[in-house]
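Report on the following structure.
Protein chains in written order, with our numbering: chain A, 4 to 168; chain B, 7 to 341.
Here it is, written out as structure tokens:
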């Protein structure tokens with residue numbers, strides 16, 4: 004079998020990617036595989052694949068001011084480069100930057116599994132703090148669910164008014 | 007206490023093992039890739055204390071092991087026994103694990119995530135494995151502050167593990183399904199519902215020993231119960247399919263294949279690990295089809311015949327020497 008890319012050499016690397024159920028397959032020679040970032044088949048390849056996915060998302064944000072996570076000091080560029088998030092707080096700091104990528108990986112950004120310290124595997128409503136609501140608002144806006152977002156926005160307003168009283 | 011691979015287990019004619027992994031992190035400190043040595047040591051002790059000072063049976067049954075005290079050969083042999091990951095074995099950072107005597111429970115501290123709870127059981131035991139992992143998860147959560155977000159679930163270093171942080175997998179022995187060329191079609195269809203099938207040993211398109219691992223890929227937007235239920239259904243279908251295809255085989259040809267493998271293993275003097283694995287795969291098939299009668303356990307032999315497991319037993323060996331010791335071991339076990 005000849006390489007899909009160059010059509011000259013024998014294909015020795017079979018790449019099968021399944022992202023959200025969409026299967027793509029390529030047969031590549033070792034030179035083209037290396038060029039495409041599939042050269043190394045250590046478990047590092049996942050991180051490389053991730054960073055290549057981040058790459059095109061990260062590029063949009065490049066050039067804007069470098070925000071650093073207050074806990075670990077990571078920038079979004081660091082995360083995009085390694086495919087690894089710096090700490091738990093990065094998810095808050097870089098929520099909107101990460102969101103499109105998370106959707107690509109998982110198809111959704113709504114956790115439906117276990118909630119710590121609750122009945123196993125059961126759903127429990129979260130406390131409506133301004134912080135939690137803001138995260139929810141971000142999520143709804145990015146999903147273009149503007150009507151639901153407006154409801155949350157009003158809730159935040161009310162909470163903040165209460166706080167100022 | 008014997009290991010999971012040294013005991014008879016449910017449905018182990020096809021399902022070699024069941025594994026549950028939960029990824030957990032603490033809030034307020036960086037993920038392992040950005041941790042300092044001090045933070046790592048501190049984390050190791052925190053997790054150790056959470057277990058040893060818990061008022062549960064785990065406090066007695068689990069042992070804390072500082073990886074810097076473990077000889078390199080044993081570290082690599084732990085990888086071969088699936089206790090730790092190759093990445094964890096290869097790291098020079100301050101690492102520790104918590105391990106049960108039968109090695110079915112291991113908690114890697116400071117691997118890709120702060121905490122990786124792993125439960126591995128022989129055969130098909132998804133519920134039981136998850137039950138144990140969940141008990142440990144609850145225990146650790148009682149004294150450690152896990153990073154959790156309402157929308158993103160448990161927060162992990164790699165975004166692909168967000169949500170439940172659960173990777174549930176089964177290792178299947180599918181020699182007949184494999185020879186019918188159906189694995190890639192199966193991989194496609196389980197891929198559509200967020201699961202993957204990959205060769206357990208060997209890389210690329212030619213897996214060794216017909217062993218395949220099926221695991222969930224999606225962790226966000228799917229509950230633990232759904233992930234486990236789906237994996238159970240997929241596994242049951244694969245078991246039925248493999249058993250059905252085995253029934254349809256030409257008996258004489260099958261006997262020939264199995265006895266040829268047995269003949270080589272009983273008489274070889276030099277044996278590579280790849281050849282050993284492929285031959286033991288046929289012995290396993292022969293045993294489950296009632297063709298080969300032996301007390302020997304192919305999966306146990308397959309693990310014991312791995313390079314570092316041999317060196318753990320016989321001392322430092324060159325690759326050529328290992329092939330000789332491996333051949334001796336197989337002749338002895340299958341005599």
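Idealized CB from N, CA, C, for every residue including glycine.
### Straight-line gap, residue 103 (chain B) to residue 70 (chain B) (C-alpha atoms, nearest Å)
The residue you call residue 103 (chain B) lines up with position 97 of the second chain. The residue you call residue 70 (chain B) lines up with position 64 of the second chain. Rounded to the nearest angstrom, the two C-alpha atoms are 6 Å apart.
### Task
Within the same chain, show all residues whose beta-carbon is closer than 8 Å to that of residue 114 (chain B), passing over the 5 residues directly before and after it, in chain order.
As a first step, residue 114 (chain B) is located in the second chain; it is residue number 108 there, counting from the start. These residues qualify, in order along the chain: 90, 91, 94, 101, 103, 121, 122 and 124.
### Query
How many whole angstroms separate the CB atoms of residue 136 (chain A) and residue 118 (chain A), which I take to be in contact at a CB cut-off of 8 Å?
Residue 136 (chain A) sits at position 133 when you count from the first residue of the first chain. Residue 118 (chain A) sits at position 115 when you count from the first residue of the first chain. So it is not a contact: roughly 17 Å between Cβ atoms.
### Task
Sort B:196, B:10 and B:87 by Cα distance to residue 221 (chain B) and report the nearest one.
Your numbering for residue 221 (chain B) matches position 215 in the second chain. Checking every option, the nearest Cα to that of residue 221 (chain B) belongs to B:196.
### Query
Can you find a CB in chain B that lies within less than 7 Å of the CB of residue 144 (chain A)?
For the purposes of this step, residue 144 (chain A) is taken as residue 141 along the first chain, with counting starting at 1. Not closer than 7 Å to any Cβ of chain B, the Cβ of residue 144 (chain A) fails to qualify, so no.
### Query
Can you name the residues of chain B whose CB is closer than 8 Å to the CB of residue 29 (chain A)?
Numbered from its first residue, the first chain carries residue 29 (chain A) at position 26. Those do not exist, as residue 29 (chain A) stays about 12 Å from chain B at its closest Cβ, beyond 8 Å.
### Task
Kindly confirm or deny that the stretch 38 to 47 of chain B and the stretch 140 to 154 of chain B touch, where touching means at least three C-beta pairs closer than 8 Å.
no
### Query
Would a C-beta distance cut-off of 7 Å place residue 249 (chain B) and residue 126 (chain B) closer than the cut-off?
Within the second chain, numbered from 1, the residue matching residue 249 (chain B) stands at position 243. Within the second chain, numbered from 1, the residue matching residue 126 (chain B) stands at position 120. Their beta carbons are not under 7 Å apart, which means residue 249 (chain B) does not touch residue 126 (chain B) by this criterion.
### Message
What does the alpha-carbon distance come out to for the pair residue 58 (chain B) and residue 252 (chain B)?
### Response
In the second chain, counting from the first residue as 1, residue 58 (chain B) sits at position 52. In the second chain, counting from the first residue as 1, residue 252 (chain B) sits at position 246. So the two alpha carbons sit approximately 48 Å from each other.
### Query
Is residue 148 (chain B) closer than 7 Å to residue 33 (chain B) when the C-beta atoms are compared?
For the purposes of this step, residue 33 (chain B) is taken as the residue at position 27 of the second chain. For the purposes of this step, residue 148 (chain B) is taken as the residue at position 142 of the second chain. Not in contact: residue 33 (chain B) and residue 148 (chain B) (Cβ atoms no closer than 7 Å).
### Message
Run through chain B and tell me which residues come within less than 7 Å of residue 75 (chain A), C-beta to C-beta.
### Response
As a first step, residue 75 (chain A) must be located in the first chain, where it is residue number 72. What residue 75 (chain A) touches in chain B: 36 and 40.
### For residue 151 (chain A), the three-state DSSP class (helix, strand or coil)
Taking the first chain and counting its residues from 1, the one referred to as residue 151 (chain A) is at position 148. Note: residue 151 (chain A) maps to helix in three-state DSSP.
### Message
Could you compute how far the alpha carbon of residue 112 (chain A) sits from the alpha carbon of residue 148 (chain A)?
### Response
Within the first chain, numbered from 1, the residue matching residue 112 (chain A) stands at position 109. Within the first chain, numbered from 1, the residue matching residue 148 (chain A) stands at position 145. Going from the Cα of residue 112 (chain A) to the Cα of residue 148 (chain A) covers about 13 Å.
### Task
State yes or no: is the C-beta of residue 27 (chain B) within less than 7 Å of the C-beta of residue 204 (chain B)?
Looking up residue 27 (chain B) in the second chain gives position 21. Looking up residue 204 (chain B) in the second chain gives position 198. Cβ atoms of residue 27 (chain B) and residue 204 (chain B): not closer than 7 Å.
### Task
Inspect the beta-carbon positions of residue 89 (chain A) and residue 80 (chain A) and report whether they are closer than 7 Å.
Within the first chain, numbered from 1, the residue matching residue 89 (chain A) stands at position 86. Within the first chain, numbered from 1, the residue matching residue 80 (chain A) stands at position 77. The answer is no: Cβ separation not under 7 Å.
### Range covered by the beta strand (DSSP E) that runs through residue 102 (chain B)
Here residue 102 (chain B) refers to the residue found at position 96 when the second chain is read from its first residue. Run containing residue 102 (chain B): 102 to 106, per the beta strand (DSSP E) assignment.
### Task
Say whether chain A places a C-beta atom closer than 7 Å to the C-beta of residue 240 (chain B).
Here the question's residue 240 (chain B) lines up with position 234 in the second chain. It does not: the Cβ of residue 240 (chain B) has no partner Cβ on chain A nearer than 7 Å.
### Task
Tell me, please, whether the CB atom of residue 112 (chain B) is closer than 7 Å to any CB atom in chain A?
Here residue 112 (chain B) refers to the residue found at position 106 when the second chain is read from its first residue. Cβ-Cβ to chain A under 7 Å: no for residue 112 (chain B).
### Selection from B:265, B:271, B:276 and B:217 that minimises the alpha carbon distance to residue 295 (chain B)
Taking the second chain and counting its residues from 1, one reaches residue 295 (chain B) at position 289. When only C-alpha atoms are compared, the closest one is B:265.
### Straight-line gap, residue 143 (chain A) to residue 70 (chain A) (C-alpha atoms, nearest Å)
As a first step, residue 143 (chain A) is located in the first chain; it is residue number 140 there, counting from the start. As a first step, residue 70 (chain A) is located in the first chain; it is residue number 67 there, counting from the start. Taking the straight line joining both Cα atoms gives about 23 Å.
### Message
Between the stretch 283 to 301 of chain B and the stretch 229 to 241 of chain B, can you find at least three pairs of beta-carbon atoms closer than 8 Å?
### Response
no
### Per-residue burial, residue 311 (chain B) [other beta carbons within 10 Å of its own, 16 or more giving buried]
Along the second chain, one-based indexing puts residue 311 (chain B) at 305. Looking at its Cβ environment, which holds 16 or more other Cβ atoms inside 10 Å, residue 311 (chain B) is buried.
### Task
Measure the CB-CB distance between residue 175 (chain B) and residue 223 (chain B) and report whether it falls below 7 Å.
By one-based count along the second chain, residue 175 (chain B) stands at place 169. By one-based count along the second chain, residue 223 (chain B) stands at place 217. Their beta carbons are not under 7 Å apart, which means residue 175 (chain B) does not touch residue 223 (chain B) by this criterion.
### Task
Using a Cβ-Cβ cut-off of less than 9 Å, list which residues of the stretch 159 to 176 of chain B approach chain A; keep chain order.
159, 160, 161, 162, 163, 164, 165, 166, 168, 169, 170, 171 and 172
### Message
Using only CA atoms, which one of B:338, B:44 and B:318 lies nearest to residue 116 (chain B)?
### Response
Along the second chain, read from residue 1 onward, the residue named residue 116 (chain B) stands at position 110. Checked all of B:338, B:44 and B:318; the closest Cα to residue 116 (chain B) is B:44.
### Task
Please report the Cβ distance between residue 30 (chain A) and residue 9 (chain A), rounded to the nearest whole angstrom; I am assuming they are in contact, meaning their Cβ atoms lie under 8 Å.
Taking the first residue of the first chain as 1, we reach residue 30 (chain A) at position 27. Taking the first residue of the first chain as 1, we reach residue 9 (chain A) at position 6. Contact doesn't hold; Cβ gap of about 11 Å is too wide.
### Query
Which of the three DSSP states, helix, strand or coil, is assigned to residue 9 (chain B)?
As a working note, residue 9 (chain B) is residue 3 in the second chain. In this structure, residue 9 (chain B) counts as coil in the three-state DSSP scheme.
### Query
Going along chain B in order, which residues have a C-beta closer than 8 Å to the C-beta of residue 135 (chain A)?
For the purposes of this step, residue 135 (chain A) is taken as the residue at position 132 of the first chain. Within chain B, the residues near residue 135 (chain A) are 156.
### Task
Check whether the Cβ atoms of residue 169 (chain B) and residue 226 (chain B) lie closer than 7 Å to each other.
Here residue 169 (chain B) refers to the residue found at position 163 of the second chain. Here residue 226 (chain B) refers to the residue found at position 220 of the second chain. Yes; because the gap between Cβ atoms is below 7 Å, this pair is in contact.
### Query
Does the distance from the C-beta atom of residue 255 (chain B) to that of residue 267 (chain B) stay below 7 Å?
Counting from one through the second chain, the residue named residue 255 (chain B) turns up at place 249. Counting from one through the second chain, the residue named residue 267 (chain B) turns up at place 261. Taking 7 Å as the Cβ cut-off, residue 255 (chain B) and residue 267 (chain B) do not qualify as a contacting pair.
#### Entry: Of the listed residues A:155, A:18, A:103 and A:115, nearest to residue 134 (chain A) (C-alpha basis)
Here residue 134 (chain A) refers to the residue found at position 131 when the first chain is read from its first residue. Residue A:155 is the option with its Cα nearest to residue 134 (chain A).
### Cβ of residue 2 (chain B) within 7 Å of any chain A Cβ
Shown here, chain B extends from 7 to 341; a query on residue 2 (chain B) therefore has no answer.
### Buried/exposed call for residue 213 (chain B), threshold 16 Cβ in 10 Å
Sequence index remark: in the second chain, residue 213 (chain B) carries index 207 (1-based). Buried, because 16 or more other Cβ atoms sit within 10 Å of the Cβ of residue 213 (chain B).
### Message
Would residue 31 (chain B) pass as an interface residue toward chain A - the criterion being a Cβ-Cβ separation below 7 Å?
### Response
Counting from one through the second chain, the residue named residue 31 (chain B) turns up at place 25. Yes, its Cβ sits closer than 7 Å to a Cβ of chain A.
### Query
chain A partners of residue 152 (chain B), CB-CB under 8 Å?
The residue labelled residue 152 (chain B) in the question sits at position 146 within the second chain. In chain order: 119.
### Query
Anyone know if the C-beta pair for residue 159 (chain B) and residue 17 (chain A) falls short of 7 Å?
Here residue 159 (chain B) is taken as the residue at index 153 of the second chain, counted from 1. Here residue 17 (chain A) is taken as the residue at index 14 of the first chain, counted from 1. Result no, Cβ atoms of residue 159 (chain B) and residue 17 (chain A) do not sit closer than 7 Å.
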